[in-house]
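Engineer:
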Amino acid sequence: MTTPVPESKAPRRWLTRLSAISDMFAFPLRTSHYVELVNPLWTTHRMHARVVDVWDETRDARTITLKPGANWRLHRPGQHIRVGIPVDGRHYTRTYTISSPPERDDGCFTITVKKIDGGRLSHHIVRNLKVGDFIPVGLPQGEFYLPDASPVQPLFITAGSGITPAMSMVRSLIDQERLPDTVHIHYAPHEFDTIFGRELRRLDQEQRHYHLHEVHTRHAPEDESHFTEAQLERLCPDWRQRDCYACGPPALLAALEETWERAGLSSRLHIERFRADFAPIPDDAVGGKVRFAGSDLDVDANGETNLLRVAEDAGLNPPHGCRMGICHTCNTTLQSGCVRDLRSGDFINEPGAIVQVCVCAAAGDCELAL
């Protein structure tokens, strides 16, 4: 007995077969490469999204609304995507959290980007990206999201642009009409620096289960300007009974880890990092001459700057993604010499070893396959 093909899958199967046939005539490219010239959203060899709206959240943060193309899949609240944008003739890739809920009914999603001093891509997105632009994007990924059976009483602790995954989670729970008793502690320098500030304050007034505590670090008393356990006890007395979801700068996350570990509750603390947690740089750390063998290029490097940045400053554009040692897109092979893992301080000096150039620095002369 033949199993009937579901109607929703039958046209897709025929399109796949047709594409396979047409690819034979498009060699060495694929049909999708030519379709990209007509509409980048129709391509299948890589995914694009079109900018349909931009909104300034603060003086240095902007929300970009994107319409994804073929093969997109819904995200789980809290997940992120890789975004690639050409700037000054070079292609850069960064990772940004999706700030919108998956329940949107217009097929779009948003990312909210804060301009970072010296950040090439963040500056371009916040200042130059405009409606109608097409940008390459990856599929949603990441393990920082609420479980299907959501916590009875979540606690969000965020700072700066670390609010983006929490915002996606809160919006999703509200859209599903299942927002539980929720406490949210958010740190920002000033009231006007709070990303999503107006919406957060409106939710605090309208949603009886949502309780917002803003800490404006430039105006608060010195002993209240940063996270402390005493402050936590005051703002959320029942924090030990809640599951905490936190995202922000390394100093905040380190303080949270110490507090939850001291309470024996580390399993109830869930952290999303935007930057790798680096070990202190040794006083005797030295750099060296880095040879990028695949590019036939020699560059002097210090012992502190990651090798990805060294390569980019030298005019190279190696594959990369998260820039914090998670996605492994930047992996390359060490051919000789020694590098140091900036997260642990460990040396890597065995020829043939895999090196993540976004989190490793030169430790003497070295040669990489890049």
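Start counting the sequence shown at 1; every next residue gets the next number (UniProt numbering). Built from N, CA and C at the ideal position, the CB exists for glycine as well. Everything numeric in this text was worked out from a predicted model, so none of it was measured.
#1: Straight-line CA distance for Arg291 to Thr182?
#2: Would you give the residue range spanned by the beta strand (DSSP E) that Arg50 belongs to?
#3: Consult DSSP for Ser336 and reduce its assignment to one of helix, strand or coil.
#4: Below 6 Å CB to CB, which residues in the same chain sit around Glu229 once its five sequence neighbours on both sides are set aside?
#5: Rounded to the nearest angstrom, what separates Ala279 and Leu256 at their Cα positions?
#6: Cα separation between Pro351 and Gly142?
#7: Would you give the residue range spanned by the alpha helix (DSSP H) that Asp175 belongs to?
#8: Closest to His74 by C-alpha separation, out of Glu103, Thr332, Cys244, Leu155, would be which residue?
#9: Can you tell me which of Ala49, His48, Ile111, Val87 puts its alpha carbon nearest to the alpha carbon of Gly78?
#10: Below 8 Å between beta carbons: does that hold for Gly345 and Gly364?
#11: With Pro154 as the anchor, note down where its beta strand (DSSP E) starts and where it stops.
#12: Which value, in whole angstroms, describes the spacing of the CA atoms of Arg120 and Cys108?
#13: Identify the continuous beta strand (DSSP E) that holds Thr61 and give its terminal residues.
#14: Using DSSP bridges, identify the partner residues of Ala361.
#15: Give a yes or no on whether the C-beta atoms belonging to Leu269 and Ala246 are separated by under 8 Å.
#16: Find out if the Cβ-Cβ distance for the pair His184, Ala166 is shorter than 8 Å.
#17: If we call anything under 8 Å between Cβ atoms a contact, is Thr332 one with Leu297?
#18: Could one say the Cβ of Glu304 lies closer than 8 Å to chain B's Cβ atoms, at least one of them?
#19: Looking at Ser99 and the ligand ATP, is the gap between the Cβ and the nearest heavy atom below 7 Å?
#20: Could you give the uninterrupted runs of the beta strand (DSSP E) lying entirely in the stretch 204-274, keeping only those of 3 residues or more?
#21: With Ala276 and Val357 assumed to form a contact (beta carbons below 8 Å), what rounded beta-carbon distance in angstroms separates them?
#22: Do His48 and Val137 have their C-beta atoms within less than 8 Å of each other?
#23: Within the continuous alpha helix (DSSP H) that includes His123, where are the two ends?
#24: Apply the 10 Å Cβ neighbour rule to Gly321 and answer buried if 16 or more other Cβ atoms are within range, or exposed otherwise.
#25: For the alpha helix (DSSP H) that contains Val310, what are its first and last residues?
#26: In angstroms, rounded to a whole number, what distance separates the CA positions of Arg343 and Glu206?
#27: Taking Asn306 as the reference, which of His91, Leu334, Asp341 has the closest Cα?
#28: Return the chain-ordered list of same chain residues with a C-beta closer than 6 Å to the C-beta of Asn349, the five sequence neighbours on each side being excluded.
#29: Exposed or buried, which one is Val355 when buried takes at least 16 other CB atoms within 10 Å?
#30: What residue range does the beta strand (DSSP E) around Val137 cover?
#31: With DSSP run on the structure shown, which of helix, strand or coil describes Phe196?
#32: Measure the CB-CB distance between Glu57 and Phe196 and report whether it falls below 8 Å.
#33: Cα separation between Val51 and Pro68?
#34: Please name the residue or residues paired with Asn331 in a DSSP beta bridge.
Structural biologist: In short:
#1: 52 Å
#2: 48-58
#3: strand
#4: Thr259
#5: 18 Å
#6: 31 Å
#7: 163-175
#8: Here residue 74 turns out to be Leu, not His, going by the sequence shown. Considering only alpha carbons, the answer is Glu103.
#9: Ile111
#10: no
#11: 154-159
#12: 25 Å
#13: In the sequence under discussion, the amino acid at residue 61 is Ala, which differs from the Thr named in the question. First-last of the beta strand (DSSP E) with Ala61: 61-68.
#14: Arg340
#15: yes
#16: yes
#17: no
#18: Of the chains in the structure shown, none is chain B; there is only one protein chain.
#19: For the ligand ATP, the structure offers nothing, since it holds no ligand at all.
#20: 210-216, 243-248, 269-273
#21: The pair is not a contact, with the Cβ atoms about 12 Å apart (cut-off 8 Å).
#22: yes
#23: 120-127
#24: buried
#25: 307-313
#26: 43 Å
#27: Asp341
#28: Cys338
#29: buried
#30: Note, Val137: premise wrong, no beta strand (DSSP E); not H, not E.
#31: coil
#32: yes
#33: 9 Å
#34: Gln356
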